[in-house]
Structure formats: structure tokens, C-alpha cells
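Q: The structure is given below, and queries will be raised subsequently.
Residue numbers (the numbering used here): 79 to 563.
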């Protein structure tokens, strides 16, 4: 049978609980939009095939009838053909557990939950009441295309455009599950009023359409990695852009869960970041221009999962800012790349500003801007030097050795004598240049000498040092970027 008001039970005069008085189950005219929690507001939707008057009851105390005070949740409510929203309050003394709700639609309204009526429909539903003071999992089905999870006062709220789907004390929710509808869903996680992720975690399922998760008002990172407290499924994209600084933690498993096709779009703002928990597995991949926007892929080299990212600083490596050459490690080669670019720009008399990525015909695959200021400066060089030193230091610690040298000594490698000195001289010369009017150091040293010295310092003996130096010199002589740089 169809929705309410199809006339199936008209005039039956029979008291029914759980099923209607006709063969088969035709309880399909009422949908509960959220959980029933004691001492909280709730919402439901009644779908009628024709206009009528609705009366409804819930057996809040579980005594087997609908005759107690406060158990009639709507009285003489005129409804139209189609969907009708009904709001009501679950009383404080509602008994947790399963109980039964009754809905009667009639031409003129009814004062009692039982008894005959000429024309109309009756439907009964088994519902669950939760204790507002004890923790438990809560599942919410979204009914609108846009919904927001936020904190209001001491409550966790899921707010749609027209009503609250959930409004319960923080302590009453151990784990929260949000399920989108069959259309396109825009789900906003707004933590500007405080943390809204329950202690047992948050699960977001986008639903049937093209679904987005918006992150607002960061109250700590959003951790979608294996050790995180948030899981998300069937999302087209995640939008971190907000006045607050948002950080997204991910791993390969996260994107496998997020998307059915292994690709998710991530939009970021000025200071937003993606933290790859399995960092060594990720590289910046192909770049493209989509509707005037510069898009960089971040690809997992093992599983092939992809994030399509749009972040402000195109010349900064999203995976590891110090990995200039995007090979998954931080080493002297990254330092050489920055030195070469600094001296190339200086030799051409160009500014240290990096070009708009939309003007670069062939993307070089090098990320000279670890500081994220859209320039390549000696401070970027120092950033990479320090990062390389930290990597080297961690290797010393893991091997049980000690290393108390300066950054330039670490970059010079564990070689002795002249080669380490050559590497240090290359770095020291870069960092000892006078400040420009903008306060940045200007690289005016001989690039070929510096590149050779750094590469030589990375060799294990004289022959290897010479080979490294020659390779660096050849790279400097042959390496060219697009003329727009």
C-alpha cells in the first residue's frame, strides 16, 4: 500500500500495534529524521497522498498504551498532500528502549489513538528512545542537501536549512554516524564553537550524489588516517578553506575509504595543510589547469591513490616542503637545486619572485619555495639545509653514532678533510651574502663552484667527489626552465 491517507484502515475500528489492520506492511508514510533522545527536540516527516488532519502518539513510558500525559506529540495538525515536517519534544522522563508510535490521519481529527473512524489511515512504528544522559552511538540520516555538524552551548547539533536533525548533550553521544541522502550532499564540520567529534569517533557517509565535506573553525587536525577518529566515505572532495587554519591528516587507506574511484579533490587556503602520515609513499604528480585554476595531483607511488589539490603556493611541495626535486627524500641534491636557481636568477638579473603557475608552459617538477612565500630566497636554502641536517642527524641516532657538527658539516657527509670543507664552503658562501633591500640575502657567489663543492662534499672518496661535482656542473650548464621563470 502507499503512504498515509490511502484509506487502507478506514473504518476498521480495530486497535493495532506494529502493523495495520490489512494484510501486508504499509508503514511507509512517516520517516523519523533524527534519534529520539530524552529531554530533546526531534523531527519527523509525514508524507500524505491527500490533505487531512494528523494526530500522533508515542508511548514514552513503555506501558503499552498512548493514554499518559505528554504522549500525544501532535494534535489536529492539518497536513497537505506531500511531505509535511512535524517537530516535537521527547520528555525528560521518557523510558529508554524500544516503544511504539501511532499516527492517525482522518478528515476531521481524532482525540484518541484507538477507535473507529470513517475514512483515513493508521500507521504504527517501532522506535527507540535514548537516554540523554548516557553515551551511545547515534546515526543520523540527512534529509536536506546541506547540513552542518556544530557545537551549540553544551550540545552536539546537526542543523539543516529548515530544522535541527540532532540536538543532544555532548555526553550523550559516544559515536556519531552521518549518512547523506541520495542526492548531492554538502556536509559541514564546524568546530568554531568547540570540538564536535565524539570520543568514539565520527563517521561521515556522503550519500548517493557528488558529495563534499567542508571543514570550518579548526579545533585540532581532522585525522582521516588509520589511527584517526574520523572516517569518511563516498566524498568527491574536502574543502579546508576558512579563516581558521585547517590541517588534514591522511594515509593511503583514507583515500581508499573516501572515494570509490581512488581520487579525491582537496581545496586549501593560505595556511592549510595536508599531512601525509605515510609520507614516503607520496609524490607530487601531474599538473593541470582546470577552469583557470592550477591543480596538482598528489599520487601514492604504491597504491596509485590520488588527491587532486588546489592550494595557494604552487611552488611548495605539499608532501614535504624541503623535498625540492620531489623524489621522496631530503638530501644534498635539494640544496644544490635551490643554489642553482638562486644563482641562475641572479645571473639573469631577475627578481627572486616565482612566476604565476598559470603562465608556465611546461611545469618543471621542482618546488623551490619551502617557505611558501612565492619567492626563492636564501631563507629557502636555509630551510632545506636544516631539513637535510635533521634527516642526517636522525640517521646518526638510529645507527647509535653521534653528530654534533653544523648543518653544513652534515650536508658535507661523513667524508673527511677537503670534501667536507668544500661542501661547507658552498653553503657558507650562500648564507654570507649581504641583505637586499627586502631583508633577504642575495646569492652572488659563483654557482658552478658552489654546486661543485656541495656535490663533492657528498662523495665517499676523491673519485666519487669529482664525479658528483662534474654532474652538478653539467646540470647547471644544461638545466633550463621555461622562459617565463
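Every residue, glycine too, gets a C-beta built ideally from N, C-alpha and C.
(1) Within 10 angstroms of the Cβ of residue 348, are there 16 or more other Cβ atoms? Answer buried if so, exposed if not.
(2) Among 207, 353, 141 and 108, whose alpha-carbon lies nearest the alpha-carbon of residue 117?
(3) Closer than 8 Å by C-beta to residue 342: which residues in its own chain qualify, once you throw out the five before and the five after it? Chain order, please.
(4) Taking all protein chains shown into account, do 16 or more other C-beta atoms lie within 10 angstroms of the C-beta of residue 500, making it buried, or fewer, making it exposed?
(5) Within a Cβ cutoff of 7 Å, which residues of the same chain sit near residue 359, ignoring the five residues on either side of it in sequence?
(6) Please name the residue or residues paired with residue 352 in a DSSP beta bridge.
(7) Run through DSSP, which three-state label would residue 359 get?
(8) Within 8 Å, do at least three Cβ pairs link the region 186–204 to the region 249–268?
(9) Distance, Cα to Cα, residue 159 vs residue 135?
(10) Pull up the distance between the alpha-carbon of residue 512 and that of residue 400, whole angstroms please.
(11) Kindly give me the distance between the Cβ atoms of residue 171 and residue 131, rounded to whole angstroms, as I take these residues to be in contact under 8 Å.
(12) Note the first and the last residue of the continuous alpha helix (DSSP H) segment covering residue 410.
(13) Which residue wins for smallest C-alpha separation from residue 339, given the options 460, 275, 292 and 382?
(14) So what does DSSP say about residue 467, is it helix, strand or coil?
(15) Report the option in 168, 310 and 149 whose CA atom is closest to the CA atom of residue 290.
(16) Assign residue 255 to one of three DSSP states: helix, strand, or coil.
(17) Just verifying my parser: in three-state terms, what is the DSSP assignment at residue 280?
(18) Any contact of the region 218–228 with the region 175–191, i.e. 3+ C-beta pairs under 8 Å?
(19) Measuring alpha carbon to alpha carbon, tell me which residue in 259, 141 and 448 is nearest residue 178.
A: The relevant details are as follows:
(1) exposed
(2) 207
(3) 313, 314, 315, 316, 333, 336, 384, 385 and 386
(4) Confidence is the limiting factor: at residue 500 the pLDDT is only 39, short of 50, which leaves the residue's position unreliable and the question unanswerable from this model.
(5) 330, 378, 379 and 380
(6) 326
(7) helix
(8) no
(9) 21 Å
(10) At residue 512, the pLDDT of 41 sits below 50, so the modelled position is not reliable; the number obtained from the coordinates is stated separately. Near 24 Å, if we compare the C-alpha coordinates of residue 400 and residue 512.
(11) Actually they are not in contact, since the Cβ atoms of residue 171 and residue 131 sit about 28 Å apart, beyond 8 Å.
(12) 410–425
(13) 382
(14) helix
(15) 310
(16) strand
(17) strand
(18) no
(19) 141
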